[in-house]
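**Q** The following block contains the structure, expressed as structure tokens.
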Amino acid sequence: MVHDAEKLGDTRPSFTRRTPSRVGRFPGARYDAPRLLAYGFWNGKPIQREGHLPENPKARIQGLPVEDIVDEFGTPLFIYDAHVLRETFRRISAALPDGVEVLYSLKANPNISVCGFLGAQGAGAEVSSLTELMTAVRAGVDPADIIFLGPGKSRADLEACVSAGISAVVCESLAELRLLDEVAAARGATPFPAVLRVNPSFHSKGSGLSMGGKPRQFGVDEEEVRRARPLLDALEHVEVKGFHAYMGTRFLDHRDVVANTESILRMAEDLATELGVDLSFVDFGGGLGVAYFENESDLDTAELGKGMRGPVDDFRARHPSCRIIMELGRFLAADAGLYVTRAVYVKESMGELFVVADGGTNHHMAAVGIGSFVKRNFPVVHLGSPSAEPTGTYTVTGPLCTPNDTLVKKVRLPEVRPGDLLGIERSGAYGPTASPGLFLGHGYPAEVFVHDGQVTLVRERDTPEELLSRQRLAVFEDAS
């Protein structure tokens, strides 16, 4: 069945909520946000794929042919599989030590239905803009389970956080901490909970992109934090509850994550002692990766859980009421997404075969690999012949007027003809909202959400008229 999503703001998403165990909520946090009902159990049907399309003559998601979905909604198209989202969240939640809370990082995929569905499973939300905050609240996430990060928060951002009564603002500079104190005073919300983001003196290994342990715009250098007790003591309307550190992203070796966790927990305890902080919140980031490329292996979540259990249990024995947070974005969303694009032309140039498709960099810059030193291919499947043997080597490009618009390069595929559908797998994270969707005026693609055999349009495709409606023609004299 296919139906339009209900208007935002009128009703909450129709997902039911599965509430995890909680410890040590902040005093004064709001609990009056609408709660969703207890989540219904897994429907018993096996997941046919975990980031990979099933081997059958016609690619399907939850039994629905992808071609039928495309016939209804067109291409290019992002398809999100709720069953994979649910399985991924349950798998990591079961692996992590008791008491570790998972927050969904909306930056990976801020679609309100993705956020709402993960919230219904028990995930909180990590947001980094006013729009993301509004998305999480409208999706049904309790403000007591929302934190707000970002190095450039405005006064308006902080005012919105205080008004919403979120769990904590993660302050990334001492100046921001002072500003939050002013805002909390003006709003009469005192003491308002804050967390200090620390840029540690140590660095991590195994990260695809380092976020700490070196000069960065994120957080406050550890040594500066150690000198900040006079400021913390002078705060009148904000109380620092703990510390946050995010060392990097795309970790694929569980040992690196375990080592980071141990170091951050130890640092948080040391800082709390030095600064006189009653430690009730530690966020050690996340950054768990997925294996996009050849020669990569997925993170072993079972071994991750085993490795983390000792240090987390020891820490919790000393701080039984402390909230311990892991932020996950890519890890939760990537496998659940499929980007479908249609071959418009197939051509040969100087002995190489090119498929020119109707979508590319403008929708999926992560797959294109802009910013990477070496172009590596996301997993791609010929949706009309997912089980057929490759017959040719193709480079798949998008519709843009730049040689950078290359989705996959020199990949072996069954014969591709104009009109064929190609699927870029593991595309649920850092897709359209992390891409230059307005370049050349193509606009953003449609997005659909598949849940229990129902396909819902959760983001409408941009049209030229809609894009032009946001512009205004200036008044000027005709040169003639």
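Last residue of the sequence shown? That's 1362 in our numbering, and every number before it is there in order. Positions of the beta carbon are idealized from the N, C-alpha and C atoms, including for glycine. Every value quoted in this text rests on a predicted model; they were computed, and no experiment measured them.
(1) Going by DSSP, which residues form a beta bridge with residue 1239?
(2) Since residue 1330 is in the beta strand (DSSP E), which residue starts that stretch and which ends it?
(3) Determine the direct distance from the alpha carbon of residue 1212 to that of residue 1205, and round the result to whole angstroms.
(4) Can you list, in chain order, the residues of its chain whose CB lies under 8 angstroms from that of residue 1262, leaving out five sequence neighbours each side?
(5) Along the chain, where does the alpha helix (DSSP H) containing residue 1307 start, and where does it finish?
(6) Can you tell which of 969, 993 and 1137 has the C-alpha that lies nearest to the C-alpha of residue 1190?
(7) Pick out whichever of 1101, 986 and 1258 has its Cα sitting closest to the Cα of residue 1034.
(8) Taking 8 angstroms as the cut-off, decide whether the C-beta atoms of residue 1368 and residue 1061 are in contact.
(9) In the DSSP assignment, the alpha helix (DSSP H) including residue 1136 goes from what residue to what residue?
(10) With a threshold of 16 other CB atoms inside 10 Å of the CB of residue 1228, please say whether the residue is buried or exposed.
(11) Could you spell out where the alpha helix (DSSP H) holding residue 1107 opens and where it closes?
(12) Taking the Cβ atom as the reference point for each residue, do residue 1162 and residue 1123 lie within a distance shorter than 8 angstroms?
(13) The beta strand (DSSP E) that contains residue 1338, what's its start and end?
(14) Please tell me whether residue 1215 and residue 1167 are closer than 8 angstroms, where the distance is taken between their beta carbons.
(15) I'd like to know whether the C-beta of residue 1182 is nearer than 8 angstroms to at least one C-beta of chain D.
(16) Taking the continuous alpha helix (DSSP H) assigned at residue 1115, which residues delimit it?
(17) Please determine if the segment 1169-1183 and the segment 1075-1082 are in contact, where contact requires at least 3 C-beta pairs separated by less than 8 angstroms.
(18) Only counting the same chain, and skipping five residues up and downstream in sequence, which positions put a Cβ closer than 8 angstroms to that of residue 977?
(19) When you compare only the Cα positions, how much space is there between residue 1347 and residue 1325?
(20) Let me know if residue 1109 comes out buried or exposed under the rule of 16 or more other beta-carbons within 10 Å of its beta-carbon.
(21) Put residue 974 into one of helix, strand or coil per three-state DSSP.
(22) Tell me the rounded alpha-carbon separation between residue 944 and residue 994.
(23) Could you give the first and the last residue of the continuous beta strand (DSSP E) run that contains residue 1053?
(24) Whole angstroms is fine: what's the gap from residue 1153's alpha carbon to residue 1125's?
(25) Tell me the rounded alpha-carbon separation between residue 1160 and residue 1317.
(26) Label residue 1350 either buried or exposed according to how many other C-beta atoms from any shown protein chain fall within 10 Å of its C-beta, with 16 as the threshold for buried.
(27) Where does residue 1272 land, buried or exposed, given buried means 16+ other C-beta within 10 angstroms?
(28) Measuring alpha carbon to alpha carbon, tell me which residue in 1320, 1225, 1268 and 1258 is nearest residue 1280.
(29) In this structure, how does DSSP classify residue 1188 when only helix, strand and coil are distinguished?
(30) Could you name the residues of the same chain whose beta carbon sits closer than 7 angstroms to that of residue 1099, not counting the 5 residues immediately before and after it, in chain order?
(31) Between the segment 964-978 and the segment 1234-1247, do at least 3 Cβ pairs fall closer than 8 angstroms?
(32) With a CB to CB cut of under 6 angstroms and the five nearest residues on each side skipped, what residues in its chain are close to residue 1353?
(33) Assuming contact is defined by CB atoms lying nearer than 8 angstroms, are residue 1193 and residue 1151 in contact in what I supplied?
(34) Apply the 10 Å Cβ neighbour rule to residue 927 and answer buried if 16 or more other Cβ atoms are within range, or exposed otherwise.
(35) Please state the DSSP three-state secondary structure of residue 1040.
**A** Result, derived from the coordinates:
(1) Taking the first residue of the sequence shown as 1, we reach residue 1239 at position 357. Residue 1239 pairs with 1225.
(2) Position 448 of the sequence shown, counted from the start, is the residue given in the question as residue 1330. It spans 1328-1333 - the beta strand (DSSP E) in which residue 1330 sits, taken as one unbroken run.
(3) As a first step, residue 1205 must be located in the sequence shown, where it is residue number 323. As a first step, residue 1212 must be located in the sequence shown, where it is residue number 330. Each residue's alpha carbon lies about 22 angstroms from the other.
(4) Taking the sequence shown and counting its residues from 1, one reaches residue 1262 at position 380. Excluding positions up to five away in sequence, the list reads 1278, 1289, 1290, 1293, 1295, 1304, 1305, 1306 and 1307.
(5) Along the sequence shown, read from residue 1 onward, the residue named residue 1307 stands at position 425. Where residue 1307 is concerned, there is no enclosing alpha helix (DSSP H), given that its DSSP letter is neither H nor E.
(6) Counted from its first residue, the sequence shown places residue 1190 at position 308. With distances taken between Cα atoms, residue 1190 lies closest to 1137.
(7) Position 152 of the sequence shown, counting from 1, holds the residue named residue 1034. Minimum Cα distance to residue 1034 is reached at 1101.
(8) Missing from the structure shown is residue 1368; the chain here goes from 883 to 1362 and no further.
(9) Within the sequence shown, residue 1136 is the residue found at index 254, counting from 1. Unbroken alpha helix (DSSP H) run through residue 1136: 1136-1157.
(10) For the purposes of this step, residue 1228 is identified with residue 346 of the sequence shown, where counting begins at 1. Burial state of residue 1228 is buried, judged by a 10 Å Cβ sphere holding 16 or more other Cβ atoms.
(11) Numbered from its first residue, the sequence shown carries residue 1107 at position 225. From DSSP, the alpha helix (DSSP H) with residue 1107 extends over 1104-1108.
(12) To locate residue 1162, count along the sequence shown from 1; it is residue 280. To locate residue 1123, count along the sequence shown from 1; it is residue 241. Against a cut-off of 8 angstroms, the Cβ pair of residue 1123 and residue 1162 comes out as a contact.
(13) Sequence index remark: in the sequence shown, residue 1338 carries index 456 (1-based). Its beta strand (DSSP E) spans residues 1336-1341.
(14) Start at 1 with the first residue of the sequence shown, and residue 1215 comes out as number 333. Start at 1 with the first residue of the sequence shown, and residue 1167 comes out as number 285. No. Outside cutoff.
(15) The structure shown has no chain D; it contains just one protein chain.
(16) Sequence index remark: in the sequence shown, residue 1115 carries index 233 (1-based). Its alpha helix (DSSP H) spans residues 1111-1116.
(17) Counting Cβ pairs under 8 angstroms, fewer than three are found: no touch.
(18) Working through the sequence shown from its first residue, we reach residue 977 at position 95. Only 1183, 1184, 1186 and 1187 meet the Cβ criterion.
(19) Looking up residue 1347 in the sequence shown gives position 465. Looking up residue 1325 in the sequence shown gives position 443. The C-alpha of residue 1347 lies about 11 angstroms from the C-alpha of residue 1325.
(20) The residue given as residue 1109 occupies position 227 in the sequence shown. Exposed, by the Cβ-count rule.
(21) What you label residue 974 is simply residue 92 of the sequence shown in a count that begins at 1. Of the three classes helix, strand and coil, the one that applies to residue 974 here is helix, per DSSP.
(22) The sequence position of residue 944 within the sequence shown is 62, counting from 1. The sequence position of residue 994 within the sequence shown is 112, counting from 1. Distance between the alpha carbons of residue 944 and residue 994: 21 angstroms.
(23) Here residue 1053 refers to the residue found at position 171 when the sequence shown is read from its first residue. From DSSP, the beta strand (DSSP E) with residue 1053 extends over 1050-1053.
(24) By one-based count along the sequence shown, residue 1153 stands at place 271. By one-based count along the sequence shown, residue 1125 stands at place 243. Taking the straight line from one Cα to the other gives about 8 angstroms.
(25) Residue mapping note: residue 1160 aligns to position 278 of the sequence shown, counting from 1. Residue mapping note: residue 1317 aligns to position 435 of the sequence shown, counting from 1. Spanning the two alpha carbons is a distance of roughly 41 angstroms.
(26) What you label residue 1350 is simply residue 468 of the sequence shown in a count that begins at 1. By the neighbour-count rule (16 or more Cβ atoms within 10 Å), residue 1350 is not buried but exposed.
(27) For the purposes of this step, residue 1272 is taken as the residue at position 390 of the sequence shown. With fewer than 16 Cβ atoms within 10 Å of its Cβ, residue 1272 is classed as exposed.
(28) Taking the sequence shown and counting its residues from 1, one reaches residue 1280 at position 398. Of the listed residues, the one whose Cα sits closest to residue 1280 is 1225.
(29) For the purposes of this step, residue 1188 is taken as the residue at position 306 of the sequence shown. Helix, per DSSP.
(30) Indexing the sequence shown from 1 puts residue 1099 at position 217. Hits under 7 angstroms: 1033.
(31) no
(32) One-based indexing of the sequence shown puts residue 1353 at position 471. No residues qualify anywhere along the chain.
(33) In the sequence shown, residue 1193 corresponds to position 311, counting from 1. In the sequence shown, residue 1151 corresponds to position 269, counting from 1. No. Outside cutoff.
(34) Numbered from its first residue, the sequence shown carries residue 927 at position 45. Interpretation of residue 927 is limited by its pLDDT of 28, a score under 50 that renders its predicted location unreliable; no figure is taken from the coordinates.
(35) Position 158 of the sequence shown, counted from the first residue, corresponds to residue 1040. Helix at residue 1040.
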